[in-house]
Amino acid sequence: MKSSNNLKLFFVSMFLTIHVLALFAGFVIVEKSAEEIIKEKNSDFLTYTKNNAGRYEIKLHFMGKNFIFNV
13 MKSSNNLKLF
23 FVSMFLTIHV
33 LALFAGFVIV
43 EKSAEEIIKE
53 KNSDFLTYTK
63 NNAGRYEIKL
73 HFMGKNFIFN
83 V
(Lines of atoms letter the chains of each structure in order from A and count residues from 1; the text may use other names and numbers.)
(Lines give C-alpha, C1' and ligand atoms only; values in the text may rest on other atoms or scores of the structure.)
Protein backbone atom coordinates (compact mmCIF):
# COMPACT_ATOMS: atom_id res chain seq x y z
CA MET A 1 0.00 0.00 0.00
CA LYS A 2 2.70 2.48 0.98
CA SER A 3 4.82 1.59 -2.05
CA SER A 4 1.88 2.34 -4.34
CA ASN A 5 1.43 5.80 -2.80
CA ASN A 6 5.14 6.54 -3.12
CA LEU A 7 5.13 5.48 -6.77
CA LYS A 8 2.05 7.58 -7.48
CA LEU A 9 3.63 10.60 -5.77
CA PHE A 10 6.81 10.11 -7.81
CA PHE A 11 4.96 10.05 -11.14
CA VAL A 12 2.78 13.04 -10.26
CA SER A 13 5.80 15.11 -9.23
CA MET A 14 7.68 14.03 -12.37
CA PHE A 15 4.68 14.99 -14.52
CA LEU A 16 4.40 18.42 -12.89
CA THR A 17 8.14 19.06 -13.14
CA ILE A 18 8.14 18.25 -16.86
CA HIS A 19 5.24 20.62 -17.41
CA VAL A 20 6.90 23.47 -15.50
CA LEU A 21 10.12 22.98 -17.49
CA ALA A 22 8.15 22.91 -20.75
CA LEU A 23 6.36 26.11 -19.74
CA PHE A 24 9.68 27.84 -19.02
CA ALA A 25 11.15 26.58 -22.32
CA GLY A 26 8.10 27.91 -24.14
CA PHE A 27 8.55 31.33 -22.56
CA VAL A 28 12.20 31.35 -23.65
CA ILE A 29 11.33 30.38 -27.23
CA VAL A 30 8.59 33.00 -27.52
CA GLU A 31 10.77 35.70 -25.96
CA LYS A 32 13.67 34.99 -28.33
CA SER A 33 11.40 34.86 -31.39
CA ALA A 34 9.76 38.16 -30.47
CA GLU A 35 13.16 39.75 -29.87
CA GLU A 36 14.33 38.67 -33.34
CA ILE A 37 11.32 40.39 -34.88
CA ILE A 38 11.55 43.58 -32.80
CA LYS A 39 15.31 44.15 -32.71
CA GLU A 40 18.05 43.72 -35.28
CA LYS A 41 20.69 42.89 -32.67
CA ASN A 42 19.86 39.88 -30.52
CA SER A 43 21.38 39.30 -27.11
CA ASP A 44 22.36 35.85 -25.92
CA PHE A 45 20.05 34.08 -23.51
CA LEU A 46 22.91 32.88 -21.32
CA THR A 47 26.49 34.24 -21.11
CA TYR A 48 29.36 33.24 -18.86
CA THR A 49 32.10 35.88 -18.55
CA LYS A 50 34.90 37.09 -16.31
CA ASN A 51 34.39 40.60 -14.93
CA ASN A 52 37.02 43.25 -14.05
CA ALA A 53 37.42 42.01 -10.47
CA GLY A 54 38.49 38.58 -11.69
CA ARG A 55 35.23 36.90 -10.68
CA TYR A 56 33.05 34.97 -13.05
CA GLU A 57 29.46 35.94 -13.70
CA ILE A 58 26.52 34.28 -15.36
CA LYS A 59 24.20 36.68 -17.17
CA LEU A 60 20.70 35.49 -18.01
CA HIS A 61 18.74 37.69 -20.43
CA PHE A 62 15.02 36.94 -20.07
CA MET A 63 11.94 39.03 -20.86
CA GLY A 64 14.07 42.07 -21.70
CA LYS A 65 15.94 42.11 -18.38
CA ASN A 66 19.41 40.95 -17.41
CA PHE A 67 19.79 38.77 -14.35
CA ILE A 68 23.43 38.58 -13.23
CA PHE A 69 24.74 35.91 -10.86
CA ASN A 70 28.28 36.20 -9.50
CA VAL A 71 30.06 32.88 -9.18
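In the working numbering, each number is its position in the sequence shown, counted from 1, plus 12. Glycine is no exception: its CB is placed at the ideal position from the N, C-alpha and C atoms.
For residue i: DSSP bridge partner residues
i: H73; result: N78
i: L58; result: L72
When the options are compared against residue i, the one with the closest alpha-carbon
i: N63; options: K51, L28 and I80; result: I80
i: G66; options: V24, V83, E48 and E52; result: V83
**Request:** Give a yes or no on contact between the stretch 67-82 and the stretch 42-59, applying the rule of three or more CB pairs nearer than 8 Å.
**Result:** Yes: the two stretches touch, three or more of their Cβ pairs being nearer than 8 Å.
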